[in-house]
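The opening position of the sequence shown corresponds to residue 1259 in my numbering, with each subsequent residue numbered one higher. The block underneath contains the structure these notes are about, expressed in structure tokens.
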Amino acid sequence: CVDPADKSLALGALSGVFSLLAFIPYPLIYGALTDASCLVWEESCGKTGNCWIYDADKFRFLLHGVSAGFVFLGCVTDVLVCILSPRLKNLYDDDDEQKKDEKGVDESEIINKGGMLGVIKTGVANGSLNSLNASEKNSTPL
């Protein structure tokens, strides 16, 4: 559990850890795949050097197979997040009281019951949009 004042710092640290876990292993994984598809290695002074000939079919299957596996794993985790996310209730411990603006209008009702049209209707009802001239009220979009 993180204090509300430290949430942004905690999310930033978590993002940094996830970035490290994403960007460090991939050169190691794909480098091992490339090395696994080598047929002929250069040898000089008893040490293994560069690869001279690759098995193109093996390399193709390894490269695309591992990439497809990672994409599939990502899709599975996305589906799990979509399935399990409705279980989250009051994620940020926000107050359940509805916020009111200066005129006592509930902003969530305006957004939920009509979007911008609801804002305009409510503003006209409260008298805050009375400054519109007649041409703006009766104009039709092209």
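Even for Gly, the Cβ is constructed at its ideal location relative to N, Cα and C.
Beta-bridge partners of residue i, as assigned by DSSP
i, result
"Val1298", "Ile1311"
"Thr1306", "Glu1301"
Close Cβ partners of residue i (< 6 Å) along its chain, the five nearest in sequence each way excluded
i, result
"Thr1403", "Since the displayed the chain opens at 1259 and closes at 1400, residue 1403 lies outside it and no answer follows."
DSSP-derived helix/strand/coil call for residue i
i, result
"Lys1347", "coil"
"Cys1243", "No answer is possible for residue 1243: it lies beyond the span of the chain, which begins at 1259 and ends at 1400."
"Asp1264", "helix"
"Cys1333", "helix"
"Ile1287", "helix"
Rounded C-alpha distance that separates residue i from residue j
i, j, result
"Ala1290", "Cys1296", "10 Å"
"Val1275", "Phe1281", "10 Å"
"Val1260", "Cys1340", "24 Å"
"Ile1311", "Ala1263", "57 Å"
"Ser1302", "Ala1271", "46 Å"
"Thr1306", "Ser1277", "33 Å"
"Pro1344", "Val1337", "12 Å"
Residues near residue i by beta carbon distance below 8 Å, same chain, minus five either side
i, result
"Cys1333", "none"
"Gly1323", "none"
"Lys1316", "Ala1294 and Ser1295"
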